[in-house]
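A quick write-up on the structure given underneath.
Number of protein chains: 2
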Amino acid sequence: MSLATDAADQPTLYKRIRADIEKRILTGEWPPGHRIPFEHELVARYGCSRMTVNKALSELAQADLIERRRRAGSFVRRPQHQSAVLKIADIRAEITALGRAYGYELIDRKLRVATAADRGRLGVKKAGKVVAITCRHSADRVPFAVEDRLIDLSSVPNAATADFSREPPGSWLLHHVPWTEAEHTISAVVADDRTAEALDIAVGAPCLVIDRYTWRSARTITAVRLLYPGDSHRLVARFKGG
Amino acid sequence: MSLATDAADQPTLYKRIRADIEKRILTGEWPPGHRIPFEHELVARYGCSRMTVNKALSELAQADLIERRRRAGSFVRRPQHQSAVLKIADIRAEITALGRAYGYELIDRKLRVATAADRGRLGVKKAGKVVAITCRHSADRVPFAVEDRLIDLSSVPNAATADFSREPPGSWLLHHVPWTEAEHTISAVVADDRTAEALDIAVGAPCLVIDRYTWRSARTITAVRLLYPGDSHRLVARFKGG
DNA sequence: TTGACTTATATGTCTAGACATATAATCGTA
DNA sequence: TACGATTATATGTCTAGACATATAAGTCAA
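Listed in order, the protein sequences are those of chains A and B. Mapping the first sequence onto UniProt numbering, position 145 (from 1) lands on 145, and the numbers just tick up by one. Mapping the second sequence onto UniProt numbering, position 224 (from 1) lands on 224, and the numbers just tick up by one.
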């Protein structure tokens with residue numbers, strides 16, 4: 001994530017090793033797919049112990065700059081062409097973290113055999129059962145977001161009996177179901193009647209939309225659409241570059 | 001980033017330690033500002049060496065979940081009230097990467113002494129000169145985004161003479177000016193007359209907005225607002241958890 | 001009360017080993 | 001040739017130490 005700077009600014013060895021490699025990757029000297037020197041080679045080059053180069057390489061791997069493969073070595077990764085990453089734990093945590101009072105309201109909960117629309121949304125073919133939930137999150141008693149969620153009961157049978165009248169489904173899932181993969185799509189819409197009412201905004205007002213799909217090893221867990229008032233809510237990201 | 005999963009899925013100790021702490025943070029059990037047990041306490045609790053807990057804590061620090069302070073301890077960070085990270089190199093690269101034909105049109109370019117509004121937007125106090133640019137990006141001849149940009153000439157004097165009629169300012173800056181920090185804010189608005197015309201959409205149609213500020217070590221370089229048609233454009237992020 | 005100095009302590013980095021584990025490469029066999 | 005078993009090897013994790021360093025907290029003097 002960060003760029004290589006002068007060695008003078010980075011007295012520690014592992015940072016220098018990391019910066020050296022990072023620089024070669026970012027300048028294109030080592031293109032995607034290029035094999036980085038083995039740990040034992042770097043150990044020899046820098047005259048340090050293996051743990052030191054291992055720390056440097058581990059951090060580069062954590063930053064997705066390189067990929068490490070046992071027995072094969074470490075390789076420069078293809079840059080995520082538009083890597084948009086959005087990490088949301090859950091809304092309750094988000095609001096609480098902002099120091100505001102969290103409020104939750106279950107608007108609707110239905111247990112049904114998946115309709116064609118449900119199946120399309122979840123990306124499944126078989127017509128199993130699903131739970132459909134509509135609820136509202138608020139911060140300091142002001143509507144913060146409305147949530148429209150579908151949970152695949154064949155993946156999460158427990159969800160059929162969970163009490164979503166008090167605990168938001170996102171938090172419940174977070175505590176009960178581990179996930180392996182997720183996808184977020186951010187877009188914008190204008191509020192329809194139902195949304196406008198739930199968010200207490202005007203019909204036609206802009207809304208920020210986050211669609212999230214969550215899988216557990218190729219098995220769909222849940223699909224959720226979150227609608228935020230577009231003028232008040234913002235997704236902010238701050239990051240370092242070179 | 002990742003969620004806590006069963007210990008069975010995470011055989012290694014440092015990952016379990018990391019997951020345990022992560023879970024407590026994400027569930028709010030350990031709120032922002034809370035002091036995490038000292039390394040030596042975790043060493044005692046898990047019965048392992050200090051390097052093992054150090055690795056767990058280092059990764060949490062790298063992921064910005066905690067902050068480590070010498071002599072004081074490790075503390076839960078206030079989550080970037082919604083930690084959204086969005087890295088976009090530039091629109092031209094984005095469109096090209098999608099395999100679509102990139103088109104660019106300069107709509108307006110003005111060189112002026114910064115107005116009060118300009119200064120507010122750039123976050124500077126002195127009334128230096130700025131370049132204000134409005135342009136349009138298209139993909140396969142369909143409007144993709146309109147860009148409204150301000151460049152601080154006291155930070156980037158070269159921008160005064162750069163030819164933005166052919167090269168988009170984002171690409172030009174990327175190649176000519178190194179940056180150290182950036183901030184993105186994503187929101188939603190409805191199209192006004194000018195935007196509707198530029199994007200060839202209806203007035204009142206939803207638009208996704210990305211505001212980006214770029215700095216070079218505390219010095220503002222540029223402020224840009226990108227407007228995308230909200231129904232067609234989407235920011236997609238896919239990531240792994242667990 | 002303020003400022004300068006000292007001290008205690010938690011983290012930061014590093015070492016020289018160890019064993020585990022996934023897997024590329026090799027070899028042997030059908 | 002194709003496939004299965006074996007081996008070599010690079011990474012993954014871990015230990016029990018070490019010294020460095022930033023800094024919170026305490027001490028003492030002006």
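Glycine included, each C-beta is placed from N, C-alpha and C at the ideal position. Fair warning: this is a prediction, and the values are worked out from it, not measured in the lab.
DSSP lists D108/A, D148/A as the beta-bridge partner residues of T134/A. Of all residues in the segment 214-226 of chain A, none has a C-beta nearer than 7 angstroms to a C-beta of chain B. A distance below 8 angstroms between beta-carbons, with the five flanking residues on each side excluded, links R141/B to the following residues of its chain, in chain order: A101, G103. Along the segment 177-197 of chain A, going in chain order, the ones with a CB nearer than 7 angstroms to a CB of chain B are P178, W179, T180, E181, A182, E183, H184, T185, I186, S187, A188, V189, V190. Taking C-beta atoms as the reference points, E22/B and L57/B fail to come closer than 8 angstroms. Annotated as proximal: T134/B and I107/B, with beta-carbon spacing under 8 angstroms. For T96/A, the C-beta contacts it makes with chain B under 8 angstroms involve G28, P31, in order along the chain. With contacts defined as CB atoms closer than 8 angstroms, V177/B and L153/B fail to qualify as a contacting pair. Only residues of its own chain outside the window of five on either side were considered, and among them L122, G123, V124, D152, S155, Y213, T214 have a CB closer than 8 angstroms to the CB of T220/B, listed in chain order. Each residue's CA atom was taken as its position, placing V224/A and E147/A some 7 angstroms apart.
When DSSP reads this structure, G170/B sits in no beta bridge, so it has no partner. For I186/A, the enclosing beta strand (DSSP E) stretches over residues 181-190. With respect to the C-alpha of T185/B, the residue from R18/B, E197/B, R45/B, I210/B having the closest C-alpha is I210/B. Under the three-state reduction of DSSP output, L153/B falls in the coil class, being neither helix nor strand. L60/A and A61/B have their C-alpha atoms some 15 angstroms from each other. The Cβ atoms of L208/B and A188/B lie closer than 8 angstroms to each other.
With contacts defined by Cβ atoms closer than 8 angstroms, V53/A and I17/A form a contacting pair.
Using a 10 angstroms sphere on the CB of T195/B, the tally of other CB atoms reaches 16 or more, which defines it as buried. At least 8 angstroms separates the beta-carbon of A127/A from that of K110/A.
Residue pairing by DSSP places A44/A opposite no residue, since no beta bridge is assigned to it. Within the model, the alpha-carbon separation for I95/A versus A139/A is close to 6 angstroms. In this structure, the CA atom of R78/B is about 12 angstroms from the CA atom of A63/B. Taking E197/A as reference, the option from L98/A, P168/A, P143/A, E41/A with the minimal CA-CA separation is P143/A. For L173/A, the closest alpha carbon among the candidates D20/B, T12/B, T27/B, A19/B is that of T27/B. Chain order gives the chain B residues near P206/A as A188, V189, V190, P206, where near means a beta carbon separation below 7 angstroms. The criterion of a C-beta distance shorter than 8 angstroms is not satisfied by G204/A and G230/B. With 16 or more neighbouring CB atoms inside 10 Å of its own CB, R149/A falls in the buried class. At a cut-off of 8 angstroms between beta-carbon atoms, A139/A makes no contact with chain B.
Beyond the five residues adjoining it in sequence on each side, I25/B comes within less than 7 angstroms, by CB distance, of L65, V76 in the same chain, given in chain order. The alpha-carbon separation between H40/B and G47/B amounts to approximately 10 angstroms.
Apart from the 5 residues on each side of it in sequence, P168/A sits with its Cβ closer than 8 angstroms to the Cβ of D90, I91, R92, Y104, C135, H137, E147 in its chain, given in chain order. The beta-carbon of G230/B is placed less than 8 angstroms from the nearest beta-carbon of chain A. Chain-ordered, the chain B residues with CB closer than 7 angstroms to the CB of E59/A read Q62.
At least one CB atom of chain B sits nearer than 8 angstroms to the CB of H175/A.
In the displayed model, S74/A falls within a strand according to three-state DSSP. Inclusion of A160/B and L227/B in the CB contact set at 8 angstroms is not warranted, their separation being larger than that value.
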